[in-house]
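Asker: Taking the working numbering, the leading residue of the sequence shown gets 188, the next gets one more, and so forth.
Cβ coordinates follow ideal geometry from the N, Cα and C atoms, glycine included.
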Amino acid sequence: MLSEQTGEAVFFAADLANISANFYYSGDNDLTRIIELIATHYQVNIEQLEGSLIVSELITAADKNDELINTPILPAKKDILLEEVLISASSVQTKRARRYSVNNDVNPGDAVRVESISLMNAASFATNNLADSLLNVAGMSASYDSAEARQVAMRGLSGDFIHVALNGMQTLAIHGSSLDSREQNERALAFDFNVLPSELFEKVDIVKEYSVDQDSAGIAGNINLYTSNAEQLMDEEPQLNAMFEYSQTDFVDKPIHRGAFSWQYKRRHWFYMLGGSVNNKVTQEQGYNTYRWRQLDIASTDISQLSTDIQKKLQAQQVYFPRGNRYSIWNNNIKQQGVTAAVHYYGDNFSHKLDWLYAALNNQKQEYHLATRGIGSSALAAGSDQPSKITQLEIDEYDYLRFAEFENAQIATESRQLNKKTQFSQLTWRGDYWLSPKLKLNWLLGSSKNELNVPKDEKVFLKAFSNLTTDYSPQLAYPHNSYGMDLEASKQWQLDEIDIQANQSLIEQQQGNIGFSYQHDATLWQFGVQYKRFVDGRVQKQQDDLYKREFNTGLLDNALDSELSKVIDYHKDVSWLGVNNSNVAKRYLTGIRLDSGDILDSQSYSLKRINSAAWLQYGYQQDDYSVDLGVRIEHFDEQVRQAKNLEGTSNRYSRPLFSANFRYALSANWQTRLNISENLTPVATKYFNPTKQPLSGIAGYEVSNTSLSAYESQQVTVQLLGSVDSHTQLVSSVYAKKLSGLINFQQVADESSLYQRVNQATAWVKGIDIDLTHHLHPNITLNAAYSYANSERDYRFADMFKYTGQLEGLSKHVANFSLDYQQPTWGSRLQLNYRSGYISEVNYQQVWVDQFETGFLPFRRINWSAYFALNDVLELNVGVNNLSNEYYREYAGQHHAIYNTTQAGRQYYLRFILML
C-alpha cells in the first residue's frame, strides 16, 4: 500500500495482524487490522528499501528466539512513526493505486469464506453496472440486456436462487427487459442489477457457503451490496470524486452521457456521505428471431411441386415450421438517476449507520418487427382467398425447415411503443451496542419499495402478402429472408389490428433483526431473531384485436397515409414499413381507456409472504483452526389473492436449518475449509398464479396450488486456498448440493382435466471453482477463474411426459480471464468472460411437442479498458465493451433450432474522473 505522507509503498510483516483497538486510520479492510495492531500492541521497526517501507516487529535480544511476540508491548505513541504507518485515504488510493480489487478471503480466520469487491476504482474499468463487476468472481455469470449485464447466476444456479441484500437488508429490484418475450419475466426473484447505478456503491461481498447467522433464501449464495464504507476515509479529510462519461455504440448515432459524484467526510465519531448519478443513453439491439417452432396443419396450402416424401410429412404434420420468423429492432431511450446518503456514528461502545438510496429508471422503448403471421404465425396464409404455395422445401434430419420458398406468404410488421418507469427506494438503520465488554447487541431495521409502472404499451400490426425465401442454413451467422415485394411501399401494406396494454407492479419489503453475541476468550455465541415482510402485487390490463374486424371488412379504411406510415431503416440487413405509433394513437386510440373490466386475471394477482426466523450459533476460533455450529428455525406465512377478489388462500410451514463450518491452517501459507449446511429459497411469485387457465394441446386446465413450499438444499463444500509461491495465489472449491422441492406438474386427484404445480423433483448440483492470480511482473497481473457445474433433474407433466435435462439457468462452464498492466500513472486491462449454453425455461404446456425447452447458446464477451493519470486530481479513462461484437443466441427444442439471434454492438467510452 502507499504511505500517506511520502507516497512510498509500505509492506507489513505477516504476523502483524488480528488485534483490535481504537485508532483512526484509512485503507481497506485487510489493512485495517494490520494498522490496529501496529498502533496498539507492538513497537515496530520501519526500514526503507529501494523506495519502499518495510514495517516489521521490533525484535529485542530477548525475543530473537521467538517466532512471534506472545506478550504485546504497549509502546509510547512517540515510538511509532504514525505519519508513515497511516495509509492513504480512498481519494489518494484512487489516484495512485488504481487496482480493481477483489479480495478472495476477507476474514481468513473465519470458518466461512467471504469474497469482497472494492468498487472504489470501478470507473477505471469496462463495467456498466454491478452485475458486470461481479464477473470478476469465480463461478459468476450474467445474462445481458441493452448491451449490459442484467441478472447474474452463481455456481450454475440462476438469480432466483441468489439472496441479494442492500446495506444488510434483503432486497428485490425489478424492471423487466426488451428480452422478456424470451421468458425472462418480471415475476421471478432474480435481482435486476441494471436498476441501480453502480456509481452509488462502495463494496460488494459474495458468500457462497452458508452459516445460520446469515439470512436464508440464498441456495446459490448471498450477495451483499453496500452504498457506504467509512473505513476508506481518514479523519477530518473531506473527499469529493466526480465522473463524467461520453460513449457511443455501433448501432446508435446519439452519444451516451453519464455523470456521478460522491462526497464523504469523517470527523471524529461521525461519518457523512452523499452521492448521485445521472445516466442518459440510447441503445439498440437488432437481430433475427422466431416464436417457438411448430408442426402445423397446412390447410389448403399448395404443395404440389414438392417431392412425394415431403408431401407426406407435411400432410402428417411432421415438419417443424419457424413461427413469426422475423427481423427485429429494439430501441431503448434510457434515463436513469440515483441518489444515496449516509450518516454513521462510531462511539466507544455504540455505533449506528443510517443509509438511504433512491433510484429511478425510465425507458421509452420502440420495437419494430418484420415477421410472418399466417397459420400459427408461419408464412402460410390464413383465411386468404388465395392460399400460399410452397415451391421448394428442405428439412434437416429432425424434420426442421432448413430452406423454403413460398408464394403468397402472409407477412406482417409490428410497431410497438411502450413507456416503462421504475422507482426504487430503501432506508436502513443498523447498529451495535456493547452491553458489557463481552456482550454486544446488534440490530437492523429497513424498508424498501420497487414500483414498476407501464402506463402505455401499444402494438400496431400491418398485413401484406409476398413471395418469401427463408434460409436457416447452419453455416449462416443467423437466418436470412428474401422478399418479393417493395417492403417500404405503403400501397403494399394495410392496417390489420391494434393491441394495447398497461400494467403496474409493486414490491414492498420490510425487515427487522435483533441479535446478541457473547465473546469469551476464543468462544463466540450468537443468538438472533428476524422478521421479514414481502409483498409482490401486479395488475395488468389489456385489449387485443382492436379494429381488426373493421379493418378487414372495410368498415374502416385500412390504407396507410404519410401521417401514419414510417420507414424502419435501423436494421443492418433490411428496411420495411412500420407506423408512427404516436400518430396512430391520436387517430384511433384517443377515446379508448383501460379500466377494471380489462384486467387480465392470469397476470393480476398478489403474494404476501411473512417470514420469521430465530437462530443460535456457537463459534470457536484459534490461529490454526476455527469452527462454527448453528441451528435456525424458519417460519413462512403466505397469502395469494387475485386482483378482483379480496379473499385469498393461505399457506403456513416451518423448516429447521443446520450449518457446520470448519477451517484448518495446513501451514503458514495454506488453509482448508469444510462447509456443511442446509438452506432454502422461497418459490417465485409466478408459480402462485391463482387463475384457472386452459392448457394448449390437451383438454385440460392448470389450477393454482398455493400450498407450494420453499425449495430446500443440503450442501457440502471443501476448499483449499493459499500461496503457491510469492507470485501466485490459488483458491479452489469442490462442492455437492442436493436440491429438493423443485416444481413439476401433477394431476389433481379425482379431476382428470385439472393439473397443478407441486414440489416434487430433486437434483444434485456438483461442481468446482478455481481462481488463480499470478503476478507475471510487478506491473502485470493475470487472473483466471473457472467454474464447472453439472446437474440433471426430471421434468414431469403428470403421467403424460417425462424429460431429464439440465437445471434451468445452469451453465456447465463459466470462465473469467483478465490481464492487467498497471503503473502509477497509467494502466490497462483486457478481460474475457465466457458462459456455456444453458436452458432458460422448460415450458410444461408444450410437453407434447419438441419445443418444451428453450435456452441460450454459449456466449463470450471481451472488454478492454485503460486509464491515464493526467495529474494528481484528474484521470482519463478509455475503453471498449463487447470488443468482439458477439451475438446473443437463443435456441428452441432439444435439437437447438435457432430461436433468437440478437446483437447490441460495441460500446466505446471516454471517462474523466476528478478526485479532490
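(1) Use the C-beta contact count for Thr247: other C-beta atoms within 10 angstroms, 16 or more gives buried, fewer gives exposed.
(2) Can you tell me which of Phe703, Ala340, Ala417 and Val382 puts its alpha carbon nearest to the alpha carbon of Ala360?
(3) For the beta strand (DSSP E) holding Arg736, just list the boundary residues, first then last.
(4) Look up Leu1154 in the DSSP assignment and say whether it is helix, strand or coil.
(5) Find the nearest neighbour of Asn690 within the set Phe721, Lys735, Pro666 and Pro642, judged by alpha-carbon distance.
(6) Within 10 angstroms of its Cβ, does Arg1098 collect 16 or more other Cβ (buried), or is it exposed?
(7) Looking only at C-alpha atoms, which of Glu472, Ile577 and Phe448 sits nearest to Gln524?
(8) By how many angstroms is the C-alpha of Asn768 removed from the C-alpha of Leu483?
(9) Can you confirm whether the region 472 to 490 touches the region 536 to 547 when touching is taken to mean that 3 or more C-beta pairs between the two stretches lie within less than 8 Å?
(10) Nearest to Gln790 by CA position, among Gln829, Gly817, Thr1088 and Asp815, is which residue?
(11) Is the region 485 to 497 touching the region 573 to 583, taking contact as three or more C-beta pairs under 8 Å?
(12) Figure out for me which residue from Thr1012, Arg796, Phe1055 and Lys831 has the closest Cα to the Cα of Phe404.
(13) DSSP state of Tyr397, grouped into three classes?
(14) Take every Cβ of the region 673 to 685, pair it with every Cβ of the region 633 to 653, and state whether three or more of those distances are shorter than 8 Å.
(15) What is the DSSP secondary structure of Glu584, counted as helix, strand or coil?
(16) Considering only the alpha carbon of each residue, which of His707, Val530 and Glu554 lies closest to Leu614?
(17) Compare the C-alpha of Ser894 against each of Gly561, Ala1084 and Gly835 and name the closest.
(18) Out of Gly887, Arg980, Asn1068 and Leu743, point me to the one whose CA is closest to Tyr990's CA.
(19) In the DSSP assignment, find the unbroken beta strand (DSSP E) run with Arg860 in it and report its ends.
(20) From this set, Val1029, Thr868, Ala950 and Met460, which residue's C-alpha is nearest His350's C-alpha?
(21) Taking 8 Å as the limit between beta carbons, can you name the residues of its chain near Asp986, skipping five residues before and five after?
(22) To the nearest whole angstrom, what separates the beta carbons of Glu737 and Leu743, a pair I think is in contact under 8 Å?
(23) How many Å lie between Tyr514 and Gln471 at the Cα?
(24) Just checking my contact of Val870 with Lys879 at CB under 8 Å: how many whole Å lie between their CB atoms?
(25) Apart from the five residues just before and just after Tyr1096, which ones in its own chain have a Cβ nearer than 6 Å to its Cβ?
(26) Does Glu424 come out as helix, strand or coil in the three-state DSSP assignment?
(27) Just how far apart, CA to CA, sit Gln993 and Gln505?
(28) Using alpha carbons as the reference points, say which of Asp297, Leu387, Thr436 and Arg337 lies closest to Tyr397.
(29) For Ser403, write down the residues that DSSP places opposite it in a beta bridge.
(30) Kindly confirm or deny that the region 621 to 630 and the region 550 to 560 touch, where touching means at least three C-beta pairs closer than 8 Å.
(31) Can Ser660 and Phe590 be called in contact, C-beta distance under 8 Å?
(32) Name the two residues that bound the continuous alpha helix (DSSP H) containing Val771.
(33) If you draw a straight line from the alpha carbon of Tyr532 to that of Gly355, how long is it in whole angstroms?
(34) Excluding the 5 residues preceding and the 5 following Asp686 in the sequence, name in chain order all residues of the same chain whose CB lies nearer than 6 Å to its CB.
(35) Just reading off the alpha helix (DSSP H) that Asp811 is part of, what are its end residues?
(36) Could you compute how far the alpha carbon of Asn966 sits from the alpha carbon of Phe1004?
Answerer: From the atom records:
(1) Confidence in Thr247 is poor, its pLDDT being 41 and thus under 50, which makes the residue's placement unreliable; the coordinate value appears in the next sentence. Under this definition Thr247 is an exposed residue.
(2) Checking every option, the nearest Cα to that of Ala360 belongs to Val382.
(3) Taken as a continuous stretch (DSSP letters only), Arg736 belongs to no beta strand (DSSP E), being part of the alpha helix (DSSP H) at Lys735 to Thr740.
(4) Here the chain has residues from 188 to 1103 only, and residue 1154 is not among them.
(5) Pro642
(6) A buried status is given to Arg1098, since no fewer than 16 other beta-carbon atoms sit within 10 Å of its beta-carbon.
(7) Phe448
(8) 33 Å
(9) A contact between stretches requires three or more CB pairs, one per stretch, nearer than 8 Å, and the region 536 to 547 fails this requirement with the region 472 to 490.
(10) Gln829
(11) The region 485 to 497, when compared against the region 573 to 583, does touch it at the 8 Å Cβ threshold.
(12) Before going on, a small fix: residue 404 reads as Ala here, not Phe. The residue with the shortest Cα to Cα distance from Ala404 is Arg796.
(13) coil
(14) yes
(15) coil
(16) Taking the Cα of Leu614 as reference, the smallest distance to any Cα among His707, Val530 and Glu554 is reached at Val530.
(17) Closest by alpha carbon: Gly835.
(18) Arg980
(19) Trp857 to Thr868
(20) Thr868
(21) Contacts found: Gln934.
(22) 4 Å
(23) 14 Å
(24) Contact annotation, Val870 with Lys879: C-beta distance approximately 19 Å; criterion of less than 8 Å not satisfied.
(25) Glu432, Ser434 and Gly1066
(26) coil
(27) 27 Å
(28) Asp297
(29) Partner(s): none; Ser403 has no beta bridge.
(30) They do not touch, by the three-pair rule.
(31) Using a Cβ distance threshold of 8 Å, Ser660 and Phe590 count as a contacting pair.
(32) Asn768 to Tyr775
(33) In this model, Tyr532 and Gly355 are separated by some 17 Å (Cα to Cα).
(34) Beyond the five residues adjoining it in sequence on each side, Asp686 comes within less than 6 Å, by CB distance, of Lys646 and Asp731 in the same chain, given in chain order.
(35) Looking at the DSSP string, Asp811 is not in any alpha helix (DSSP H), and its letter there is neither H nor E.
(36) 17 Å
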